[in-house]
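Each remark here refers to the structure printed beneath this line.
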Amino acid sequence: MGVSKSHIGHLNQFSSYAHTFRLYKRISEQYNDQAILDSVKQLVPDRVLKLTADEHSLEPLLHWFKNDFMKWMPKELQCTRCNKPMRVQLVDDNSATFRKTEIHTCDVCGSTQIFPRYNKILRIAETRIGRCSEWSILFGAIVNSLLIQTRIVHDYLDHCWNESLINKKWVHIDSTLDYPTSFDHPHYYEQNWAKKYEYVLAFSANSLEDVTTRYTQQWLMVQKRRGKKDKVDEFKEVYYRA
113 MGVSKSHIGH LNQFSSYAHT FRLYKRISEQ YNDQAILDSV KQLVPDRVLK
163 LTADEHSLEP LLHWFKNDFM KWMPKELQCT RCNKPMRVQL VDDNSATFRK
213 TEIHTCDVCG STQIFPRYNK ILRIAETRIG RCSEWSILFG AIVNSLLIQT
263 RIVHDYLDHC WNESLINKKW VHIDSTLDYP TSFDHPHYYE QNWAKKYEYV
313 LAFSANSLED VTTRYTQQWL MVQKRRGKKD KVDEFKEVYY RA
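Residue numbers (the numbering used here): 113 to 354.
In structure tokens form, the structure reads like this:
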């Protein structure tokens with residue numbers, strides 16, 4: 113008996129999710145590694161640590177991380193020699209160190225720029241460059257090092273950020289945004305980026321949580337996108353096996 117196209121599509125979809133689940137499970141496990149947390153805490157200047165503690169606020173940490181520490185990697189690069197757009201090739205890896213590598217090539221002069229997408233927190237800390245995934249991976253580790261429980265959140269569209277447990281409540285934190293938008297503005301993406309959510313998932317070392325209701329004010333539309341069958345239980349099963 114042959115396998116239906118719909119069944120193949122179902123398997124491919126969950127294979128894609130499993131790839132991402134493995135990444136965030138590895139990151140969440142690193143969030144529990146005290147040696148890693150001790151290392152990333154040393155990256156933060158003493159003045160920022162003191163302000164964060166004295167003000168009982170993550171604002172100084174967010175400001176330092178975005179403006180003084182990390183650098184943003186554009187998706188489309190210009191050749192520094194020719195000032196022409198560079199062509200990008202993606203090389204999948206999904207190893208313990210890399211999830212993929214971007215090779216940007218100038219078709220005019222042949223110069224290349226390589227951007228490894230690291231899974232390792234300490235490698236991201238060394239390079240200090242990336243997009244929302246690298247930023248949220250490293251910032252989450254730094255906040256965890258301050259004994260504030262923090263996890264990764266992914267919207268399965270094109271963005272990820274963090275949540276921190278503050279006063280027994282999970283609070284939205286996005287180190288790529290300017291303060292105060294970067295702190296406790298969960299509806300920002302839907303209101304300003306026209307996000308059309310289906311699933312927004314939060315990841316811890318041993319659990320996956322559907323947090324979509326926290327980020328949407330259009331729950332009925334989300335339910336329509338999900339269709340008749342909610343996949344959260346299946347996602348949890350895939351995550352536990354990842």
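No residue lacks a Cβ here, since even glycine has one placed at the ideal position from N, Cα and C.
>> Could you compute how far the alpha carbon of serine 140 sits from the alpha carbon of alanine 317?
In response: The alpha-carbon atoms of serine 140 and alanine 317 are separated by roughly 5 angstroms.
> Nearest CA to the CA of alanine 306: which residue from Lys153, Asp270, Asp290?
Replying inline: Just measuring C-alpha positions, the residue of Lys153, Asp270, Asp290 sitting nearest alanine 306 is Asp270.
>> For lysine 336 and alanine 314, I'd like the C-alpha separation in whole angstroms.
In response: Distance between lysine 336 and alanine 314, taken at the CA atoms: about 21 angstroms.
> Do you know how far the Cα of threonine 132 is from the Cα of valine 312?
Replying inline: Whole-angstrom Cα-Cα distance: 13 angstroms.
> Hey, how far is the Cα of serine 116 from the Cα of leucine 163?
Replying inline: The pLDDT assigned to serine 116 is 41, lower than 50, so where the model puts this residue is not dependable, and the model offers no usable value.
> When you compare only the Cα positions, how much space is there between threonine 217 and glutamate 188?
Replying inline: Taken atom to atom, the span from the alpha-carbon of threonine 217 to that of glutamate 188 is near 11 angstroms.
>> Using a Cβ-Cβ cutoff of less than 7 angstroms, which residues in the same chain neighbour valine 350 once the five nearest sequence positions on both sides are dropped?
In response: These residues qualify, in order along the chain: Phe126, Tyr129, Ala130, Phe133.
> From which residue to which residue does the alpha helix (DSSP H) around aspartate 180 run?
Replying inline: Per DSSP, aspartate 180 belongs to no alpha helix (DSSP H) and is neither H nor E.
> Can you check whether the CB of serine 248 is closer than 9 angstroms to the CB of valine 265?
Replying inline: Less than 9 angstroms divides the Cβ of valine 265 from the Cβ of serine 248.
> Are threonine 209 and isoleucine 215 closer than 9 angstroms when you measure CB to CB?
Replying inline: No, these two residues do not count as a Cβ contact at 9 angstroms.
> Considering serine 248, what are the terminal residues of the beta strand (DSSP E) in which it resides?
Replying inline: Element bounds for serine 248: not the beta strand (DSSP E) but the alpha helix (DSSP H), 244 to 257.
>> Here's a check: name, in chain order, each residue in its chain whose Cβ is nearer than 7 angstroms to the Cβ of isoleucine 148, leaving out the five neighbours to either side.
In response: Excluding positions up to five away in sequence, the list reads Gln142, Ile233, Leu234, Ala253.
> Can you list, in chain order, the stretches of the beta strand (DSSP E) that have 3 or more residues and sit fully within the stretch 258 to 331?
Replying inline: Segments of the beta strand (DSSP E) lying fully in the stretch 258 to 331: 262 to 266, 272 to 278, 281 to 285, 313 to 316, 319 to 322.
> Thinking C-beta only, is asparagine 279 closer than 9 angstroms to phenylalanine 251?
Replying inline: Not in contact: phenylalanine 251 and asparagine 279 (Cβ atoms no closer than 9 angstroms).
>> Check for me: the beta strand (DSSP E) holding arginine 211 runs from which residue to which?
In response: Following the DSSP letters along the chain, one finds arginine 211 inside the beta strand (DSSP E) bounded by residues 210 to 217.
> Apart from the five residues on each side of it in sequence, which residues of its chain come closer than 8 angstroms, Cβ to Cβ, to glutamine 190?
Replying inline: Cβ neighbours of glutamine 190 beyond the five flanking positions: Lys196, Pro197, Met198.
>> Considering Cα atoms alone, identify which of Ser151, Leu173, Asp145, Phe227 is closest to tryptophan 184.
In response: Among Ser151, Leu173, Asp145, Phe227, the Cα nearest to that of tryptophan 184 is on Phe227.
> Quick one, are the C-beta atoms of lysine 153 and serine 257 less than 9 angstroms apart?
Replying inline: Yes.
> Among residues of its own chain, excluding the 5 on either side of tyrosine 268, which ones have a beta-carbon nearer than 6 angstroms to its beta-carbon?
Replying inline: Correct list, in chain order: Tyr311.
> Opposite valine 344 in the DSSP bridges: which residues?
Replying inline: Partner residues in a beta bridge of valine 344, as assigned by DSSP, do not exist.
>> Output needed for aspartate 204: all residues of its chain with C-beta closer than 6 angstroms, excluding positions within five of it in sequence on either side, in chain order.
In response: Result list for aspartate 204: Lys212, in chain order.
> For asparagine 231, which option in His168, Asp158, Tyr136 has the closest C-alpha, if you only look at C-alpha atoms?
Replying inline: The shortest Cα separation from asparagine 231 among His168, Asp158, Tyr136 belongs to Tyr136.
>> What does the alpha-carbon distance come out to for the pair lysine 343 and isoleucine 285?
In response: Using only the alpha carbons, I get a separation of about 26 angstroms.
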